[in-house]
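> Here it is: the structure, laid out below.
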Amino acid sequence: MSLPMRLRRAGMYVLLTAIALVFVGPFLILLSAGLKPAGQAVFSFPPDIVPRPPVLDWAVEAWTAIPFPTYLLNSVIYVGVTVPLYIVVSALCAYPLALMTFRGKNLIFFAILSTMFLPSEVMLIPRFLVVSELGMADTFAGVILPGVLSAFGIFLLRQTFAGVPREVVDAARTDGCHELRIFWHVMLPAARPTLAILGIFGFISVWNSFIWPLVVLKDSAKYPVALGIAYLAGITGTDVRSLAAGTIISIIPVVIVFMIMQRHVLEGMRGAVKG
Amino acid sequence: MAAGRIPGQRWYTPYLFVIPALVLFGVFFAWPAITAIQLSFLEYDVVSQPVFIGVENFTRIAGDGRFWTALLNSLLFLVGMFPLLVVVPLLLAVLVNQRLPGIRTFRMLYYLPVVTSMVAVGVAWEYVFHQQGVLNWILTGAGLLDQPIQYLLDPFWALPALVLVEGWKSMGFYMMIYLAGLQTIPTNLYEAAKVDGATAWHRLRHITVPLMVPYIAVAVTVEMLDAMQAFTSIYVMTRGGPQDATLTLGYYIWSAAFEHYEMGYASAMGLVLWVLMIAMAVLNYRLTRGRTVMP
Numbered sequence: 001m002s003l004p005m006r007l008r009r010a011g012m013y014v015l016l017t018a019i020a021l022v023f024v025g026p027f028l029i030l031l032s033a034g035l036k037p038a039g040q041a042v043f044s045f046p047p048d049i050v051p052r053p054p055v056l057d058w059a060v061e062a063w064t065a066i067p068f069p070t071y072l073l074n075s076v077i078y079v080g081v082t083v084p085l086y087i088v089v090s091a092l093c094a095y096p097l098a099l100m101t102f103r104g105k106n107l108i109f110f111a112i113l114s115t116m117f118l119p120s121e122v123m124l125i126p127r128f129l130v131v132s133e134l135g136m137a138d139t140f141a142g143v144i145l146p147g148v149l150s151a152f153g154i155f156l157l158r159q160t161f162a163g164v165p166r167e168v169v170d171a172a173r174t175d176g177c178h179e180l181r182i183f184w185h186v187m188l189p190a191a192r193p194t195l196a197i198l199g200i201f202g203f204i205s206v207w208n209s210f211i212w213p214l215v216v217l218k219d220s221a222k223y224p225v226a227l228g229i230a231y232l233a234g235i236t237g238t239d240v241r242s243l244a245a246g247t248i249i250s251i252i253p254v255v256i257v258f259m260i261m262q263r264h265v266l267e268g269m270r271g272a273v274k275g
Numbered sequence: 001m002a003a004g005r006i007p008g009q010r011w012y013t014p015y016l017f018v019i020p021a022l023v024l025f026g027v028f029f030a031w032p033a034i035t036a037i038q039l040s041f042l043e044y045d046v047v048s049q050p051v052f053i054g055v056e057n058f059t060r061i062a063g064d065g066r067f068w069t070a071l072l073n074s075l076l077f078l079v080g081m082f083p084l085l086v087v088v089p090l091l092l093a094v095l096v097n098q099r100l101p102g103i104r105t106f107r108m109l110y111y112l113p114v115v116t117s118m119v120a121v122g123v124a125w126e127y128v129f130h131q132q133g134v135l136n137w138i139l140t141g142a143g144l145l146d147q148p149i150q151y152l153l154d155p156f157w158a159l160p161a162l163v164l165v166e167g168w169k170s171m172g173f174y175m176m177i178y179l180a181g182l183q184t185i186p187t188n189l190y191e192a193a194k195v196d197g198a199t200a201w202h203r204l205r206h207i208t209v210p211l212m213v214p215y216i217a218v219a220v221t222v223e224m225l226d227a228m229q230a231f232t233s234i235y236v237m238t239r240g241g242p243q244d245a246t247l248t249l250g251y252y253i254w255s256a257a258f259e260h261y262e263m264g265y266a267s268a269m270g271l272v273l274w275v276l277m278i279a280m281a282v283l284n285y286r287l288t289r290g291r292t293v294m295p
């Protein structure tokens with residue numbers, strides 16, 4: 001590589017790193033604030049980022065100021081129930097839409113697609129009233145069930161199923177396989193990458209969900225962790241250090257899952273746009 | 001195989017598969033959508049019986065100064081987020097579309113704010129915006145400010161500050177939309193242009209942008225829907241203040257319904273927002289559809 005090329009490349013990395021700092025910086029500031037000892041100022045000109053020494057006191061304080069373990073467990077329950085349900089419902093619905101012919105097929109497909117064009121603010125109020133009518137206000141079911149139907153999931157899986165070679169399906173059918181067996185033993189394994197993508201996107205969106213649980217839940221013992229953080233931030237007298245520490249704890253699970261599965265997330269985005 | 005008889009399949013087999021989705025659709029989408037329309041002609045505070053009041057909610061909207069403030073603020077969000085979500089991410093996508101070792105790591109870092117909750121992002125930016133925070137240090141240090149500003153308490157700066165936060169959080173998402181598009185452009189187009197002596201700017205202007213029109217259209221649509229629905233950042237950082245400076249339609253609707261229990265009035269505002277969003281999506285579709293992809 002020639003010298004000008006090398007300089008160009010070095011310059012490119014400087015630029016890429018500077019931009020990365022813009023995206024990661026606010027989280028680093030939060031991390032730094034959450035780890036600083038009591039004697040070190042959180043805010044100063046010039047900024048004093050490195051905690052000397054890093055302490056976990058504020059993480060402990062945040063952990064006990066609000067029922068943190070409960071909120072984390074709640075979020076795990078919301079994710080753990082919503083995501084499998086949403087994948088199963090989407091896959092079941094996508095299968096006949098992709099591979100069977102029946103009356104009302106297009107109507108069903110367009111009805112489901114139309115849900116993408118209902119803004120969440122508009123649906124918030126009537127959905128809250130419906131959920132209350134069903135006796136599900138302030139319950140886990142009330143938080144979970146409205147989030148199970150996803151036009152995005154059905155759409156993506158329908159594309160995937162339609163891409164499975166017809167011969168495979170027809171061969172299984174002539175062997176006398178029941179449709180449910182074909183679905184379970186042929187289609188689901190073939191759609192594994194798409195299922196992984198839906199799983200991760202589902203995890204991220206349920207873990208971060210805010211406005212719907214805010215509306216449905218009255219009892220703070222059922223809060224997911226994002227609501228818990230807003231609650232912590234709203235308590236007057238919460239120390240800026242413990243708020244920072246608590247916020248960092250709340251994003252660690254989702255950041256870890258994202259880092260492990262990042263290739264799927266970014267590939268999945270591409271597939272979704274093309275689909 | 002079209003409608004041919006499939007062994008072991010009864011006429012109702014497909015319906016059994018779609019039933020769970022259809023039930024959820026009926027209960028959590030169709031029923032609420034109809035309820036939303038009904039509600040906007042009612043006065044309803046959840047406790048007492050709903051009263052039919054005709055179009056009174058809509059005439060009230062027309063005379064409600066806060067509604068117009070909220071609409072204006074939502075439109076300011078829309079306009080302010082446009083460069084952040086439609087223009088900048090295209091440049092970012094071009095940048096991370098290069099074949100360089102470690103480029104995946106940079107893509108991941110730029111995407112990080114997308115996967116974190118808006119609540120966490122809001123809290124993080126409160127530290128950045130602090131009077132003694134990093135932003136004030138940079139701006140005063142660079143001589144752009146005489147003295148530090150409390151951005152979230154300033155009626156002029158609060159809205160731009162929130163626009164910045166919302167834009168910053170979603171940039172990575174739009175970058176990936178564009179990256180998907182960029183990877184469909186054959187590289188030999190760029191090589192041919194280089195041979196002809198086209199500069200980087202010319203290649204961007206005359207190859208990338210024209211070929212990306214369909215993706216730009218997607219980004220614009222998603223940006224409009226996103227901007228018109230901004231809520232969580234406002235809830236966490238400003239609660240619509242100071243002096244309604246960050247009161248958006250989404251926040252006003254939520255506040256009318258769940259702080260003041262005016263379900264009918266809030267639903268009527270929701271319907272207006274809905275109609276506005278559909279109109280914008282249609283307009284955007286009309287404007288971009290006719291564009292030829294190749295220059």
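Each protein sequence line maps, in turn, to chains D and W. For the first sequence, position 161 (counting from the first letter as 1) is numbered 161 according to full-length UniProt numbering, and the numbering increases by one without interruption. For the second sequence, position 264 (counting from the first letter as 1) is numbered 264 according to full-length UniProt numbering, and the numbering increases by one without interruption. Here a beta-carbon is modelled for each residue, glycine too, at the ideal position from N, C-alpha and C.
1. Within the continuous alpha helix (DSSP H) that includes alanine 257 of chain W, where are the two ends?
2. Give the list of continuous alpha helix (DSSP H) stretches no shorter than 4 residues that lie fully inside the segment 38 to 111 of chain D.
3. If we cut at 8 Å on Cβ distances, does alanine 3 of chain W have a partner in chain D?
4. Using only the alpha-carbon positions, how far apart do serine 255 of chain W and tryptophan 184 of chain D sit?
5. Would you tell me roughly how many angstroms separate the C-alpha atoms of leucine 16 of chain D and tyrosine 111 of chain W, rounded to the nearest one?
6. Give me the Cα-Cα distance between proline 47 of chain D and glutamine 131 of chain W, rounded to the nearest whole angstrom.
7. Taking Cβ-Cβ distances shorter than 7 Å, what residues in chain W pair up with glutamine 262 of chain D?
8. Mind checking whether glutamine 229 of chain W and proline 119 of chain D have CB atoms under 8 Å apart?
9. Under 8 Å, do alanine 226 of chain D and alanine 62 of chain D count as touching if we go by C-beta distance?
10. Please report the straight-line C-alpha distance between leucine 232 of chain D and valine 119 of chain W, rounded to a whole angstrom.
11. Within 10 angstroms of its Cβ, does alanine 192 of chain W collect 16 or more other Cβ (buried), or is it exposed?
12. Report yes or no: do the segment 244 to 258 of chain D and the segment 113 to 127 of chain W share at least 3 C-beta pairs separated by less than 8 Å?
13. I'd like to know whether the C-beta of tyrosine 127 of chain W is nearer than 8 Å to at least one C-beta of chain D.
14. Closer than 9 Å, Cβ to any Cβ of chain W: which residues of the segment 135 to 168 of chain D, in chain order?
15. So valine 206 of chain D packs on valine 79 of chain D, CB below 8 Å; how close in whole Å?
16. When you compare each of W:Thr238, W:Phe52 and W:Val272 to phenylalanine 129 of chain W by their alpha carbons, which one comes out closest?
17. Just mark asparagine 106 of chain D as buried or exposed, buried being the case when its beta carbon has 16 or more other beta carbons within 10 Å.
18. Could you spell out where the alpha helix (DSSP H) holding glycine 102 of chain W opens and where it closes?
19. Measure from the C-beta of proline 126 of chain D to each C-beta in chain W and report whether the shortest distance is under 8 Å.
20. Express the C-alpha separation of leucine 159 of chain W and tyrosine 252 of chain W in angstroms, rounding to a whole number.
21. State the beta-bridge partners of valine 51 of chain W as determined by DSSP.
22. Helix or strand or just coil, what does DSSP make of alanine 191 of chain D?
23. Unbroken alpha helix (DSSP H) runs of length 4 or more, entirely within the segment 109 to 136 of chain W: which are they?
24. If you compare alpha carbons, which of W:Ala227, W:Trp274 and W:Val94 is closest to arginine 203 of chain W?
25. Within 8 Å, do at least three Cβ pairs link the segment 154 to 163 of chain D to the segment 63 to 70 of chain W?
26. Tell me whether arginine 103 of chain D is buried or exposed, calling it buried when 16 or more other Cβ atoms sit within 10 Å of its Cβ.
27. Report the residues of the segment 129 to 155 of chain W with a CB closer than 7 Å to any CB of chain D, ordered along the chain.
28. What does the alpha-carbon distance come out to for the pair phenylalanine 258 of chain D and serine 32 of chain D?
29. Can you check whether the C-beta of tyrosine 78 of chain D is within less than 8 Å of a C-beta belonging to chain W?
30. Got a sec: which bits of the segment 77 to 107 of chain D sit with their beta carbon under 7 Å from any beta carbon on chain W, in order along the chain?
31. Where alanine 3 of chain W and alanine 151 of chain D are concerned, what is the direct C-alpha to C-alpha distance, given to the nearest angstrom?
32. Tell me which residues of the segment 187 to 199 of chain W have at least one Cβ-Cβ distance to chain D shorter than 9 Å, keeping chain order.
33. So glycine 120 of chain D contacts chain W; which residues on that side make the cut at Cβ distance below 9 Å?
34. Quick one: what's got a C-beta closer than 8 Å to isoleucine 53 of chain W's C-beta in the same chain, skipping five residues either side?
35. Whose C-beta lies closer than 7 Å to the C-beta of valine 89 of chain D among residues of the same chain, with five residues either side of it excluded?
Straight from the coordinates:
1. Reading the second sequence from its first residue, position 257 is the one you call residue 257 of chain W. That run of the alpha helix (DSSP H) goes 249 to 258.
2. 57 to 65 and 68 to 99
3. Within the second sequence, numbered from 1, the residue matching residue 3 of chain W stands at position 3. Its pLDDT being 44, under 50, alanine 3 of chain W is placed unreliably in this model, and the value from its coordinates should be taken loosely. At least one chain D Cβ lies under 8 Å of alanine 3 of chain W.
4. Within the second sequence, the letter at position 255 stands for residue 255 of chain W. Within the first sequence, the letter at position 184 stands for residue 184 of chain D. Each residue's alpha carbon lies about 46 Å from the other.
5. Taking the first residue of the first sequence as position 1, residue 16 of chain D is located at position 16. Taking the first residue of the second sequence as position 1, residue 111 of chain W is located at position 111. So the alpha carbons of these two residues sit roughly 13 Å apart.
6. Start at 1 with the first residue of the first sequence, and residue 47 of chain D comes out as number 47. Start at 1 with the first residue of the second sequence, and residue 131 of chain W comes out as number 131. So the alpha carbons of these two residues sit roughly 12 Å apart.
7. The sequence position of residue 262 of chain D within the first sequence is 262, counting from 1. Correct list: Met108.
8. Taking the second sequence and counting its residues from 1, the one referred to as residue 229 of chain W is at position 229. Taking the first sequence and counting its residues from 1, the one referred to as residue 119 of chain D is at position 119. The answer is yes: Cβ separation under 8 Å.
9. Position 226 of the first sequence, counting from 1, holds the residue named residue 226 of chain D. Position 62 of the first sequence, counting from 1, holds the residue named residue 62 of chain D. Contact: no.
10. Along the first sequence, read from residue 1 onward, the residue named residue 232 of chain D stands at position 232. Along the second sequence, read from residue 1 onward, the residue named residue 119 of chain W stands at position 119. Taking the straight line joining both Cα atoms gives about 11 Å.
11. Within the second sequence, numbered from 1, the residue matching residue 192 of chain W stands at position 192. Burial call: exposed.
12. yes
13. Residue numbering aside, residue 127 of chain W sits at position 127 when the second sequence is read from its first letter. Output row for tyrosine 127 of chain W: interface = yes.
14. Leu145, Pro146, Gly147, Val148, Leu149, Ile154 and Arg166
15. Translated into the one-based positions of the first sequence, residue 206 of chain D becomes position 206. Translated into the one-based positions of the first sequence, residue 79 of chain D becomes position 79. About 5 Å separates the two Cβ atoms, so the contact holds.
16. Translated into positions along the second sequence, residue 129 of chain W becomes position 129. Among W:Thr238, W:Phe52 and W:Val272, the Cα nearest to that of phenylalanine 129 of chain W is on W:Thr238.
17. Walking along the first sequence from the start, residue 106 of chain D turns up at place 106. Exposed, because fewer than 16 other Cβ atoms sit within 10 Å of the Cβ of asparagine 106 of chain D.
18. Within the second sequence, residue 102 of chain W is the residue found at index 102, counting from 1. From DSSP, glycine 102 of chain W is part of no alpha helix (DSSP H); its letter is neither H nor E.
19. On the first sequence, position 126 is the one that residue 126 of chain D refers to. Chain W, which has a Cβ nearer than 8 Å to the Cβ of proline 126 of chain D, makes this yes.
20. Position 252 of the second sequence, counting from 1, holds the residue named residue 252 of chain W. Position 159 of the second sequence, counting from 1, holds the residue named residue 159 of chain W. Approximately 15 Å between the Cα atoms of the pair.
21. Start at 1 with the first residue of the second sequence, and residue 51 of chain W comes out as number 51. In DSSP, valine 51 of chain W forms a bridge with W:Glu43.
22. Numbered from its first residue, the first sequence carries residue 191 of chain D at position 191. Correct three-state label for alanine 191 of chain D: coil.
23. 118 to 128
24. Mapped onto the second sequence, residue 203 of chain W falls at position 203. Checking every option, the nearest Cα to that of arginine 203 of chain W belongs to W:Val94.
25. no
26. Position 103 of the first sequence holds residue 103 of chain D. Exposed.
27. His130, Gln132, Gly133, Val134 and Trp137
28. Counting from one through the first sequence, the residue named residue 258 of chain D turns up at place 258. Counting from one through the first sequence, the residue named residue 32 of chain D turns up at place 32. In a straight line, the C-alpha of phenylalanine 258 of chain D is about 22 Å away from that of serine 32 of chain D.
29. The residue labelled residue 78 of chain D in the question sits at position 78 within the first sequence. Closer than 8 Å: no.
30. Val89, Leu92, Cys93, Tyr95, Pro96, Met100, Thr101 and Phe102
31. As a working note, residue 3 of chain W is residue 3 in the second sequence. As a working note, residue 151 of chain D is residue 151 in the first sequence. Confidence at alanine 3 of chain W is low in this model, with a pLDDT of 44, below 50, so its placement is unreliable and the value that follows should be read with caution. Rounded to whole angstroms, alanine 3 of chain W to alanine 151 of chain D spans 25 Å at the Cα level.
32. none
33. Position 120 of the first sequence, counting from 1, holds the residue named residue 120 of chain D. Just to set this straight, residue 120 of chain D is serine in the shown sequence, not glycine. The answer, in chain order, is Gln229, Phe231 and Gly250.
34. In the second sequence, counting from the first residue as 1, residue 53 of chain W sits at position 53. Phe41, Leu42, Glu43 and Gly264.
35. By 1-based counting over the first sequence, the position of residue 89 of chain D is 89. Only Val148 and Leu149 meet the Cβ criterion.
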